[in-house]
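Student:
There are 2 protein chains.
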Amino acid sequence: MMRFERVAVIGVGLIGGSVALALRRAGAVGRVVGIGRGRANLERALALGIIDEIADDAATGVAGADAVVVAAPVAQFAPVLAAVRNALASGAVITDAGSTKQDVVAAARGTLGARIDRFVPAHPIAGAERVGADAAREALFDGRNVVVTPLPETDPAALAAAEALWRTCGARVSRMTPAEHDAVFAAVSHLPHVLAYALVAMIAERDNAERLFGYAAGGFRDFTRIASSSPEMWRDICLANRESLVAEIDAYGTALQGLRSLVAAGDGAEIEHLFTDSRSARDAWLARAEGLGT
Amino acid sequence: MMRFERVAVIGVGLIGGSVALALRRAGAVGRVVGIGRGRANLERALALGIIDEIADDAATGVAGADAVVVAAPVAQFAPVLAAVRNALASGAVITDAGSTKQDVVAAARGTLGARIDRFVPAHPIAGAERVGADAAREALFDGRNVVVTPLPETDPAALAAAEALWRTCGARVSRMTPAEHDAVFAAVSHLPHVLAYALVAMIAERDNAERLFGYAAGGFRDFTRIASSSPEMWRDICLANRESLVAEIDAYGTALQGLRSLVAAGDGAEIEHLFTDSRSARDAWLARAEGLGT
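Listed below in structure tokens is the structure:
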């Protein structure tokens, strides 16, 4: 097992805090230093034993660290990476937890310079509805997917270290290119979020919204659960993955028009066919996912 | 409390069986006779104590009943109502559990003749993912909405009896016209089902479907849960409520195009605005719904 003597976590919230706890659980880390903009949250993380010390600034925090985990909002990546660039130890690895990857890579290329070879972009697929150090837990990544999107410049040793870090946290690690990553998650994550937000917004704008909500039940609740996600985070994801997301919205619009035509034409056989295929595909997916322990 | 000496349940599945159990729990029923096409399911309902006897046919079953609950698939309503029309006791009330109401009313008008005055269309808003007598439970309707859609011809005593029946089952009863009902549920139930089915079908048709599903997570699972609903039942709902549903699909298409434009234009402020309004509306709805115990 790879061991990290000193890990710097930038953004000690649900994700960053859980990385620290998971590495501790595995006995894979010496000291954890916490870096962030919210002093109260860092004090809380210290009190909870998630981190061992608070760094006054990012450069000080990453000095001497053999691994740096950037779990801050993606919009802060450019200034964060610029701030740590010159303080990085020569053999250190940097990985991140951003939900989009092409924009993160662009920010890294624009700020890390020659140190880009130490950067291993990553996206842990783990819930993000609760925030702050209090939400962190050591088992968050157990059995979850972490997608790493190495770059042509990525040093193989840095890639191995980052993948070992995520595996030590309990995750299953797979690789894609940044573009592949953003296309996949536009379809299975970003699009559903946009669809859920759009439905709730449409109903909320109606004159009889209160009556409509009054009869919404469990199906509506589950369908729209992701519309209670962070507006700021999802705004940033929409902007960062704009191109893939627009393509998916258009594809979905076409699919929905096809179904609309079947309904308008009263084509019961084709409607049932589509619903049956859909249910079969979903049930098969769930069976596989449960077999994998997720 | 109103008491029913003999209740006939046509279709002893999740809904019909739960009505029987809920009335028993309240001590509001003498004997329950079960009517249905599946003999094995009726035998099971008898063994479970949900019903006291099995009727050989619908006319025999409803004879002497003071309440008849039609919980069969909506597509079977016309033959079922035609079969029971002449066997109904003079003071009996008939209510149903169909998810759409204008088509049920049309079927009732076409078959019940002068007995239409005893018919109180109803829609209990309760989960329908499990089926058969084994799924029935006495608390299914506790705190749930039941919408009744009385007709101009409905006898006030029949309306009172049907509302008492559903309240005795633990439900909150409210009234709408059949058209209002179908418009409300097109928006908060039928549209979300169609949207979820369409998303899963679109992904399942892709060449890289397996990879895409491989990275779908909890948000996708909840968003698409209703795409595992019965294809036959939802086909029938789409056909029965075609007009309202098509109107809602079109309204949603317009709403989605609006959001697409914001994403394509990179209008972060308006995207965040829409997401924030959506989250606020959903969270306020959930807070109210939880306050009501649902």
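Chains as they are written, first to last, in the numbering used here: chain X, 1 to 294; chain C, 1001 to 1294. Ideal Cβ placement from N, Cα and C applies to all residues, glycine included.
How would you write the range of the beta strand (DSSP E) that X/Thr95 sits in, first residue to last?
Tutor: Val93 to Asp96
Student: Taking the alpha carbon of C/Ser1099 as the point to measure from, which residue in C/Asn1145, C/Thr1060 and C/Ala1055 has its own alpha carbon closest?
Tutor: C/Asn1145
Student: Mind pulling the chain C residues with CB within less than 7 Å of X/Ser228?
Tutor: Arg1279, Arg1282 and Asp1283
Student: When we look at the beta-carbon of C/Arg1260 and count the other beta-carbons within 10 Å, is it buried (16 or more) or exposed?
Tutor: Buried: at least 16 other Cβ atoms inside 10 Å.
Student: Mark C/Gly1011 as exposed unless 16 or more other C-beta atoms lie within 10 angstroms of its C-beta, in which case mark it buried.
Tutor: buried
Student: How about C/Tyr1252 and X/Leu199: are their beta carbons less than 8 Å apart?
Tutor: Inclusion of C/Tyr1252 and X/Leu199 in the CB contact set at 8 Å is warranted, their separation being smaller than that value.
Student: Suppose you measure from the CA of C/Phe1275 to the CA of C/Ala1217; what does that come to, to the nearest Å?
Tutor: 21 Å
Student: Entirely within the stretch 145-225 of chain X and at least 3 residues each: give me those beta strand (DSSP E) ranges in chain order.
Tutor: With a minimum length of 3 residues, the continuous beta strand (DSSP E) runs that stay inside the stretch 145-225 of chain X are 145-148 and 172-175.
Student: Report yes or no: is there a C-beta of chain X within less than 8 Å of the C-beta of C/Phe1004?
Tutor: no
Student: Within a Cβ cutoff of 6 Å, which residues of the same chain sit near X/Met176, ignoring the five residues on either side of it in sequence?
Tutor: Taking X/Met176 as the centre and dropping the five residues before and after it, the same chain places the C-beta of Val147 and Thr149 closer than 6 Å to its C-beta, in chain order.
Student: Assuming C/Arg1130 contacts C/Leu1014 (C-beta within less than 8 Å), just tell me the rounded distance between them.
Tutor: 6 Å
Student: Residues of the stretch 252-275 of chain X with a CB closer than 7 Å to any CB of chain C: list them in chain order, please.
Tutor: Cβ contacts with chain C come from Tyr252, Gly253, Ala255, Leu256, Leu259, Arg260, Val263, Ala264, Gly266, Gly268, Ile271, Glu272, Leu274 and Phe275.
Student: Report yes if the C-beta of X/Phe275 is less than 7 Å from at least one heavy atom of the ligand ZN; otherwise report no.
Tutor: As presented, the structure is devoid of all ligands, the ligand ZN included, so that no description of it is given.
Student: For X/Glu290, is the classification buried or exposed, using 16 other Cβ atoms within 10 angstroms of its Cβ as the cut-off for buried?
Tutor: exposed
Student: Decide if X/Ala47 is buried, meaning its Cβ has at least 16 other Cβ atoms within 10 Å, or exposed.
Tutor: exposed
Student: If you draw a straight line from the C-alpha of X/Thr294 to the C-alpha of X/Ala162, how long is it?
Tutor: For X/Thr294, the predicted structure reports a pLDDT of 47, less than 50, and the residue's modelled location is therefore unreliable. The matter cannot be settled from this model.
Student: For the beta strand (DSSP E) that contains C/Val1007, what are its first and last residues?
Tutor: Phe1004 to Ile1010
Student: Name the residue from X/Glu248, X/Arg221, X/Gly143 and X/His193 whose alpha carbon lies nearest to the alpha carbon of C/Gly1214.
Tutor: X/Gly143
Student: Quick check on X/Asp96: buried or exposed, where buried means 16 or more other Cβ atoms within 10 Å of its Cβ?
Tutor: buried
Student: Output needed for C/Gly1064: all residues of its chain with C-beta closer than 8 Å, excluding positions within five of it in sequence on either side, in chain order.
Tutor: Arg1006 and Ala1089
Student: If we count the other Cβ atoms within 10 Å of its Cβ and call it buried at 16 or more, is X/Gln296 buried or exposed?
Tutor: Limits of chain X in this structure are 1 at one end and 294 at the other, which puts residue 296 of chain X out of reach.
Student: So with Cβ pairs under 8 Å, would you call X/Thr111 a contact of chain C?
Tutor: no
Student: Quick check on DSSP: helix, strand or coil for X/Pro231?
Tutor: helix
Student: If X/Ile35 sits next to X/Ala20, beta carbons under 8 Å apart, how far is it from one beta carbon to the other, in whole angstroms?
Tutor: About 12 Å separates the two Cβ atoms, so there is no contact after all.
Student: Could you name the residues of the same chain whose beta carbon sits closer than 6 Å to that of C/Gly1091, not counting the 5 residues immediately before and after it, in chain order?
Tutor: none
Student: Is the stretch 1185-1195 of chain C touching the stretch 1163-1171 of chain C in the sense that three or more CB pairs, one from each, lie closer than 8 Å?
Tutor: no
Student: Please report whether the beta-carbon of C/Leu1140 lies at a distance below 8 Å from any beta-carbon of chain X.
Tutor: no
Student: Could you spell out the range, first to last residue, of the beta strand (DSSP E) harbouring C/Arg1031?
Tutor: Val1029 to Ile1035
Student: By DSSP, does C/Pro1073 sit in helix, in strand, or in coil?
Tutor: coil
Student: How many Å lie between C/Val1029 and C/Ala1227 at the Cα?
Tutor: 36 Å
Student: Tell me the rounded alpha-carbon separation between C/His1123 and X/His273.
Tutor: The alpha-carbon atoms of C/His1123 and X/His273 are separated by roughly 26 Å.
Student: Would you kindly work out how many angstroms separate the C-alpha atoms of X/Ala247 and C/Ala1264, rounded to a whole number?
Tutor: 10 Å
Student: Tell me whether the stretch 109-124 of chain X and the stretch 150-158 of chain X touch, counting them as touching only if at least three CB pairs, one residue from each stretch, are closer than 8 Å.
Tutor: The answer is yes - the stretch 150-158 of chain X touches the stretch 109-124 of chain X, with three or more Cβ pairs under 8 Å.
Student: Alpha carbon to alpha carbon, how far is X/Ala55 from X/Phe77?
Tutor: 18 Å
Student: Among X/Ser189, X/Gly110 and X/Pro73, which one has its Cα closest to the Cα of C/Asp1222?
Tutor: X/Ser189
Student: I need the boundaries of the alpha helix (DSSP H) containing C/Ala1106, first residue and last residue.
Tutor: Gln1102 to Leu1112
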